[in-house]
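Asks: Here it is: the structure, laid out below.
Protein chains: 2
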Amino acid sequence: MNGKQSIGCFDCQAHPSSEWCVLDEDELALLNSTKVQKPVEAGSTLFHQGDNCDGIYCLEPGLVGIRRLDSAGNTALLRLCSPGDTIGYRSFLLKSEHRTTAEIMMPSIVCFIHRQTVRTLLERNPNLGLRFLDHNVKVATDFEERHFESITFTVKNRFLNLLMVLYERFGHLNENGESVLELPLSRQDIAALIGASPETISRSITRVQDEGLVRFKGRQVVLQDIDELTRQISAS
Amino acid sequence: MNGKQSIGCFDCQAHPSSEWCVLDEDELALLNSTKVQKPVEAGSTLFHQGDNCDGIYCLEPGLVGIRRLDSAGNTALLRLCSPGDTIGYRSFLLKSEHRTTAEIMMPSIVCFIHRQTVRTLLERNPNLGLRFLDHNVKVATDFEERHFESITFTVKNRFLNLLMVLYERFGHLNENGESVLELPLSRQDIAALIGASPETISRSITRVQDEGLVRFKGRQVVLQDIDELTRQISAS
DNA sequence: GATACCGATTGACGCTCGTCAAGGCAGTGT
DNA sequence: ACACTGCCTTGACGAGCGTCAATCGGTATC
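Residue numbers (the numbering used here), protein chains in the order written: chain L, 1363 to 1598; chain C, 1363 to 1598.
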């Protein structure tokens, strides 16, 4: 409340679109007084796979990636979390340890909410649970979709699809009216996100560039023909 | 209530493990009086992808497969539903049309619960929402896991993994103390479930048989070395 | 400005897996 | 007994993709 960068829950930009928007004033005050807010740097982690789950996190501005490893050394980037997203509540509700690692991918501000507070709020306000349900239904549906795609799509199409999804989340029009996108991910992370090797991503990039669909320059992407892009994605 | 095979919600075998177990007597009576119970044959469907969602289904004994198609003719079997599972509530909560097709895979008994009843019960009993949340969290976690596997595992390992999962759900010991499993799926459906072609499944079968891990005879499966099986799965 | 370093790209090669086509096998109908 | 039909299996081939290794930037360090 007194730190110069601190933002209260009442003023939180992400609040209206987050699960917490159903809280009344008292409940929001409880949340606000018990949460721990901290800025976090890119590269640090909120929790590691296997850690105990002591509470949940709420992302204000920033970007967080959810990773999963296995004993054989395989790694995958399962999804990206945007401002307003609540992170780690699945492990909380399952009363299990974290099954994934949450990694900060851009400088972010994150609030930690202790499990006791979450429990209290869930008991006091049934709508909070329904909001979590709503959110989780969307996440599950998204996973279902991604699973289907990874089964039926080629790497190139999964890549094109990812570009479209990222464009909807991070893209904009530049001064020339072109659809541009600053990728928030390295090539390696793109590869880990769609289940491919970085080399294959590179080759996909040169191919779609040769076809004149998209222009790449580092992490700058210009989508030159969105209609043709969506057509190619849905064609198989 | 008067059909000779009809089972009331009070006597439903699946009830204790279903979401509805949190209902009190009045609520259960409402559920019981408004539900529509019907036996369904293998091969029929509960709903098709694109149908309006007028309510949700509860599976008593039986097996239901959730399928997804796309415009290019690709098809995948996303998951299997067991007795006690509530089916179609995601589309219900999203207020969207069904995004998948629910196909009966074994003779089953299914109860249909109209959306108005579900809405009433969700409003009356907050715990019902939390039960749905719990269930959906498990489903989402399962999808996350499957997604990870389809990215990092080979077809053979995904197949072995599926055998283990099916064994836990449908397997038993025979008179010789062997771990046996009656597959509830055709080869084609196995292929559609793990994202492979039927031919590749066939080849995987002959390979694991040559390695002496598993014996196949039609849909009869004998797991001969479960330890080695789990070792191979986690090795990569 | 020289060096080291990390991410991205490109090439070569091989394996996995999908596709197409040809049987085999059990169940069903005539 | 016959063909017919679905489902499964097997073979041959090729495309897609992963792996290994070399190279090419761009950026930080001294």
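Think of the CB as a built atom: it goes at the ideal place given N, C-alpha and C, for glycine as much as any other residue.
What three-state label does DSSP hand Gln1411 of chain C in the structure shown?
Replies: Three-state DSSP puts Gln1411 of chain C in coil, outside helix and strand.
Asks: Where do the N-terminal and C-terminal ends of the alpha helix (DSSP H) with Lys1397 of chain L fall, by residue?
Replies: No alpha helix (DSSP H) contains Lys1397 of chain L, which DSSP labels as neither H nor E.
Asks: Flag this pair as touching only if the stretch 1425 to 1438 of chain L and the stretch 1461 to 1476 of chain L have three or more C-beta atom pairs under 8 Å; answer yes or no.
Replies: yes
Asks: Decide if Lys1457 of chain L is buried, meaning its Cβ has at least 16 other Cβ atoms within 10 Å, or exposed.
Replies: exposed
Asks: Could you check whether Leu1524 of chain L and Ile1552 of chain L sit closer than 8 Å to each other, using their CB atoms as the reference points?
Replies: Going by C-beta atoms, Ile1552 of chain L is nearer than 8 Å to Leu1524 of chain L.
Asks: By the 10 Å Cβ neighbour count, where 16 or more other Cβ atoms means buried, how is Ser1453 of chain L classified, buried or exposed?
Replies: It counts as buried.
Asks: Below 8 Å on the Cβ atoms is my guess for Phe1505 of chain C versus His1509 of chain L; work out the distance and round it to an integer in Å.
Replies: 6 Å
Asks: Any beta carbon of chain L sitting closer than 8 Å to that of Asp1432 of chain C?
Replies: With 8 Å as the cut-off, Asp1432 of chain C counts as an interface residue toward chain L.
Asks: Using C-beta distances below 6 Å, list every residue in its chain close to Val1584 of chain C, excluding the 5 sequence neighbours before and after it, in chain order.
Replies: Glu1540, Val1542, Arg1577
Asks: For the beta strand (DSSP E) that contains Ser1564 of chain C, what are its first and last residues?
Replies: Taken as a continuous stretch (DSSP letters only), Ser1564 of chain C belongs to no beta strand (DSSP E), being part of the alpha helix (DSSP H) at 1560 to 1572.
Asks: Would you decide whether Asn1519 of chain C is buried or exposed? Buried here means 16 or more other CB atoms lie within 10 Å of its CB.
Replies: With a 10 Å radius around the Cβ and a threshold of 16 neighbouring Cβ atoms, Asn1519 of chain C comes out buried.
Asks: Taking the Cβ atom as the reference point for each residue, do His1460 of chain L and His1410 of chain L lie within a distance shorter than 8 Å?
Replies: yes
Asks: Going by Cα to Cα distance, which pick from L:Lys1397, L:Phe1372, L:Val1398 is closest to Asp1386 of chain L?
Replies: L:Phe1372
Asks: Sort C:Asp1589, C:Arg1581, C:Thr1562 by Cα distance to Leu1575 of chain C and report the nearest one.
Replies: C:Asp1589
Asks: I want to know whether the stretch 1401 to 1408 of chain L touches the stretch 1469 to 1477 of chain L - three or more CB-CB distances under 8 Å.
Replies: yes
Asks: Give a yes or no on whether the minimum CB-CB distance between His1509 of chain L and chain C is below 8 Å.
Replies: yes
Asks: Please report whether the beta-carbon of Ile1418 of chain L lies at a distance below 8 Å from any beta-carbon of chain C.
Replies: no
Asks: How about Ala1376 of chain C: is its C-beta nearer than 8 Å to some C-beta of chain L?
Replies: no
Asks: Using 8 Å as the threshold, is the C-beta distance between Thr1396 of chain C and His1476 of chain C below it?
Replies: yes
Asks: Which residues share a DSSP beta bridge with Phe1578 of chain C?
Replies: C:Val1583
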